[in-house]
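Protein sequence lines, in the order shown, are assigned to chains A, B, C and D. In terms of the working numbering, the numbers along the first sequence are unbroken and rise by one, the last being 194. In terms of the working numbering, the numbers along the second sequence are unbroken and rise by one, the last being 194. In terms of the working numbering, the numbers along the third sequence are unbroken and rise by one, the last being 194. In terms of the working numbering, the numbers along the fourth sequence are unbroken and rise by one, the last being 194. We put the beta carbon where it would ideally sit given N, CA and C, even for glycine. Keep in mind that this is a model prediction, so the values were computed, not measured. To keep things clear, I will list the structure first and then write my remarks on it.
Number of protein chains: 4
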Amino acid sequence: MTPDEIARKVADAMLAREGTGPAWGIEIEEVREGYARIRMRLTAAMLNGHRKAHGGMVYALADTAFAYACNSRNLRTVGAQATMVFLDGAEEGEILVAEAQEAALVGRSGVYNVSVRTDRGRPVAEFQGFSRSVGGEFIDLNASP
Amino acid sequence: MTPDEIARKVADAMLAREGTGPAWGIEIEEVREGYARIRMRLTAAMLNGHRKAHGGMVYALADTAFAYACNSRNLRTVGAQATMVFLDGAEEGEILVAEAQEAALVGRSGVYNVSVRTDRGRPVAEFQGFSRSVGGEFIDLNASP
Amino acid sequence: MTPDEIARKVADAMLAREGTGPAWGIEIEEVREGYARIRMRLTAAMLNGHRKAHGGMVYALADTAFAYACNSRNLRTVGAQATMVFLDGAEEGEILVAEAQEAALVGRSGVYNVSVRTDRGRPVAEFQGFSRSVGGEFIDLNASP
Amino acid sequence: MTPDEIARKVADAMLAREGTGPAWGIEIEEVREGYARIRMRLTAAMLNGHRKAHGGMVYALADTAFAYACNSRNLRTVGAQATMVFLDGAEEGEILVAEAQEAALVGRSGVYNVSVRTDRGRPVAEFQGFSRSVGGEFIDLNASP
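Structural data, given as structure tokens:
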């Protein structure tokens with residue numbers, strides 16, 4: 050398998066194992082080494098008291114893209130810290146796309162920048178996540194399918 | 050009504066209006082002017098691919114406490130940015146408590162520090178949120194009940 | 050003047066007016082619309098108690114690149130918040146290069162990602178800054194030189 | 050020595066060893082276990098192109114208080130990440146006071162909230178730092194003086 054094929058396989062396995070991906074309707078668009086792009090449709094259960102996308106859900110989407118990107122080399126990696134700037138609101142029914150790109154990787158530490166936009170390209174939020182690999186592989190690449 | 054009574058009334062109204070509070074099982078423990086403490090039980094739908102609380106859900110809880118605290122004066126206020134450090138994992142069934150405290154308020158800008166711990170006091174995450182008030186009141190305090 | 054020429058002229062004017070640029074030995078390598086790359090040599094006065102580059106100085110360099118990038122359209126803009134991840138130490142005599150790139154711009158709000166590396170390309174830190182324009186121009190482009 | 054005496058001794062040693070403390074005119078007001086309060090007078094060399102305190106210098110002050118607080122147990126500890134919200138400008142000649150307080154400590158990881166105010170109590174910035182201890186002691190407490 051190529052590094053990009055491994056990255057996609059890990060992300061698919063993470064999505065299958067996690068409770069949040071199905072609960073939030075996460076769909077993977079593309080995953081490569083150090084990169085992930087995913088989408089989610091905003092439902093009524095994701096709105097805050099101002100009837101806009103809850104900051105927690107926008108963050109959760111970005112954090113999921115971050116997780117797929119930072120685990121893309123099949124080294125078990127967790128988020129240590131992350132920050133998000135909220136640029137614009139989003140409404141029920143809109144589709145949000147989170148695109149995570151690796152900015153730097155030094156030893157066990159990585160930094161990933163994630164842009165969240167609507168599927169029409171309107172900016173919603175910018176996120177930066179700091180990851181630490183904790184040892185071990187996420188999936189067994191030698192297992193029979 | 051006292052400032053603390055107003056703060057509680059606003060938080061109750063926010064919880065009633067938002068889609069996320071009921072979806073996540075948010076319970077308000079205490080809200081005062083510039084302060085909020087809430088709780089949430091971790092369900093299977095809140096777990097990541099490592100079978101721990103998803104960072105997005107821990108953040109979403111902290112962000113909710115932040116929202117109640119920064120709207121506590123009944124001035125419509127939104128999150129502009131927030132950051133979270135993840136200190137320890139949490140498991141399905143554990144109860145997380147988020148406690149938000151106002152650190153500073155200057156004009157329209159506020160900063161709130163939020164600690165997330167289990168209900169037994171084990172630290173899970175620390176959050177800092179930056180809010181901006183956007184004008185208008187959240188609830189009509191003169192309305193008949 | 051082209052947008053990129055304006056950007057450079059604003060950065061040169063900022064560097065000339067600020068007390069910090071000369072004090073820290075900041076040199077501008079390149080400034081374009083939404084982009085800035087600058088450098089600084091680490092001196093003994095920039096070291097912490099571990100005899101490495103003080104986090105405050107690494108941040109100060111990144112913050113300066115951020116300021117030049119977010120003021121590049123000659124609209125007076127200030128930092129509202131910023132975050133930095135420290136990936137590796139740096140030593141006295143090393144040259145640090147900070148490269149700021151605009152990630153998103155929505156109304157008065159902008160987000161800029163800044164990478165700090167040595168001039169040999171070793172990653173030192175990653176920074177994300179959130180800016181707000183405050184009205185007015187930074188320099189008078191119609192003034193005679 | 051009590052824990053608070055150790056904390057003060059470590060901070061004094063850090064200030065003596067670092068290049069930045071003397072360069073910036075840092076003065077220690079109080080250091081205890083998990084706590085530090087320091088001050089700095091703003092000079093012309095600390096101003097940005099808007100003739101206000103440069104964000105990098107405000108951060109550098111907060112980062113220094115953070116460093117003294119997170120090293121206060123005499124376990125060698127470094128900043129892994131930090132974030133700052135800028136609430137108000139400050140002028141040449143004003144005295145800034147940074148007060149760092151430990152929010153949580155889990156294993157090698159700590160989180161510290163730092164408030165920066167003028168010596169008259171006007172809020173200027175709020176900072177949150179994430180530290181990691183890296184092993185070893187900062188000073189030899191058994192050494193003869």
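For a contact meaning CB atoms closer than 7 angstroms, what does D:Val-134 contact in chain B? Val-160, Phe-179
Looking at the C-beta of B:Gln-150, does it have a partner C-beta in chain C at a distance below 8 angstroms? no
Quick one, which of A:Ala-72, A:Tyr-117, A:Gly-159 has its alpha-carbon nearest A:Phe-57's? A quick correction: the sequence has Arg, not Phe, at residue 57 of chain A. Measuring from the Cα of A:Arg-57, the nearest candidate turns out to be A:Tyr-117.
Could you tell me whether the Cβ of C:Glu-191 comes closer than 8 angstroms to any Cβ of chain D? Glu is not the amino acid found at residue 191 of chain C; the sequence shown has Asn there. No, no contact with chain D.
Is the beta carbon of A:Ser-121 sitting closer than 8 angstroms to the one on A:Val-163? no
Counting only beta-carbon separations shorter than 8 angstroms, does A:Arg-66 have a partner in chain B? yes
CB contact below 8 angstroms: A:Ala-111 versus chain E: Annotation note: the requested chain E is absent from the structure, which comprises protein chains A, B, C and D.
Is it buried or exposed for B:Leu-190, if we count other Cβ within 10 angstroms and need 16 for buried? Exposed, because fewer than 16 other Cβ atoms sit within 10 Å of the Cβ of B:Leu-190.
To test your reading of the DSSP string, which unbroken alpha helix (DSSP H) runs of 4 or more residues are found completely within the stretch 99 to 150 of chain C? As far as the stretch 99 to 150 of chain C is concerned, its whole alpha helix (DSSP H) runs of at least 4 residues are 104 to 119.
From B:Ile-87 to B:Thr-69, what does the alpha carbon distance come to, in whole angstroms? 13 angstroms
Across the stretch 155 to 175 of chain D and the stretch 159 to 174 of chain C, are there enough close Cβ pairs to call them in contact, namely three or more that are closer than 8 angstroms? Output reads no: the stretch 159 to 174 of chain C does not touch the stretch 155 to 175 of chain D.
In this structure, does DSSP put C:Thr-51 in helix, strand or coil? In this structure, C:Thr-51 counts as coil in the three-state DSSP scheme.
Is it the case that the Cβ atoms of A:Val-173 and A:Leu-145 are separated by a distance below 8 angstroms? yes
Nearest chain A C-beta to B:Thr-69 closer than 8 angstroms, yes or no? It does: the Cβ of B:Thr-69 has a partner Cβ on chain A nearer than 8 angstroms.
From A:Asn-97 to D:Thr-113, what distance separates their C-alpha atoms? 38 angstroms
If you follow the alpha helix (DSSP H) that B:Gly-70 is part of, which residue opens it and which one closes it? 69 to 73
Does the pairing of the stretch 149 to 156 of chain A with the stretch 149 to 164 of chain B give three or more beta-carbon distances under 8 angstroms? The stretch 149 to 156 of chain A vs the stretch 149 to 164 of chain B: no contact.
Top-ranked residue by Cα proximity to B:Glu-78, from B:Glu-143, B:Pro-71, B:Met-89: B:Met-89
Considering only residues of the same chain and omitting the five flanking positions on each side of D:Val-134, which have a CB-CB separation below 7 angstroms? Ala-174, Glu-175
Mind listing the chain B neighbours of A:Leu-96? Cutoff is C-beta to C-beta under 8 angstroms, in chain order. Glu-67, Gly-68, Thr-69
For D:Trp-73, which residues in the same chain have their Cβ closer than 6 angstroms to its Cβ, ignoring the five residues on either side in sequence? Met-89
At the 8 angstroms Cβ level, is B:Ser-164 part of the contact set with chain D, yes or no? Closer than 8 angstroms to some Cβ of chain D, the Cβ of B:Ser-164 qualifies, so yes.
Excluding the five sequence neighbours on either side, which residues of its own chain have a C-beta within less than 6 angstroms of the C-beta of C:Phe-187, listed in chain order? Val-59, Asn-120, Asn-123, Arg-125
Take B:Pro-71 as the anchor and find which of B:Ala-85, B:Ala-109, B:Glu-143 has the nearest alpha-carbon. B:Ala-109
Which residues in the same chain have their Cβ closer than 7 angstroms to the Cβ of C:Asp-53, if we skip the five residues on either side of it in sequence? Closer than 7 angstroms at Cβ, skipping near neighbours: Arg-81, Glu-82.
Could you tell me which of C:Gly-104, C:Glu-67, C:His-99, C:Ala-93 sits nearest to D:Ala-94, measuring between CA atoms? C:Glu-67
Can you list, in chain order, the residues of its chain with a C-beta nearer than 8 angstroms to that of B:Gln-130? Leave out the 5 residues immediately preceding and following it. Gly-178, Phe-179
Is any beta-carbon of chain A found at less than 8 angstroms from that of B:Met-63? yes
Given that a residue counts as buried once 16 or more other Cβ atoms are within 10 Å of its Cβ, and exposed if not, what is B:Met-63? Classification of B:Met-63: buried, given that the 10 Å Cβ count is 16 or more.
Check A:Leu-190 in the structure and name its three-state DSSP category. coil
With the cut-off set at 8 angstroms, would you say C:Thr-132 and A:Thr-132 are in Cβ contact? yes
Once the 5 residues before and after C:Gly-105 are set aside, which same chain residues still bring their CB inside 6 angstroms of it? For C:Gly-105, where only same-chain residues beyond five positions count, there are no Cβ hits under 6 angstroms.
Span of the beta strand (DSSP E), counted from its first residue to its last, around D:Met-89: 84 to 90
Which residue or residues does DSSP assign as beta-bridge partners of B:Ala-153? B:Val-160
Sorted by chain position, which residues of the same chain lie with C-beta nearer than 8 angstroms to B:Leu-91's C-beta, five sequence neighbours on each side aside? Taken in chain order, the residues that qualify are Ala-102, Met-106, Ala-139, Glu-140, Glu-141, Gly-142, Glu-143, Ile-144, Leu-145.
First and last residue of the beta strand (DSSP E) that includes B:Arg-169? B:Arg-169 -> no beta strand (DSSP E), and no H or E assigned at all.
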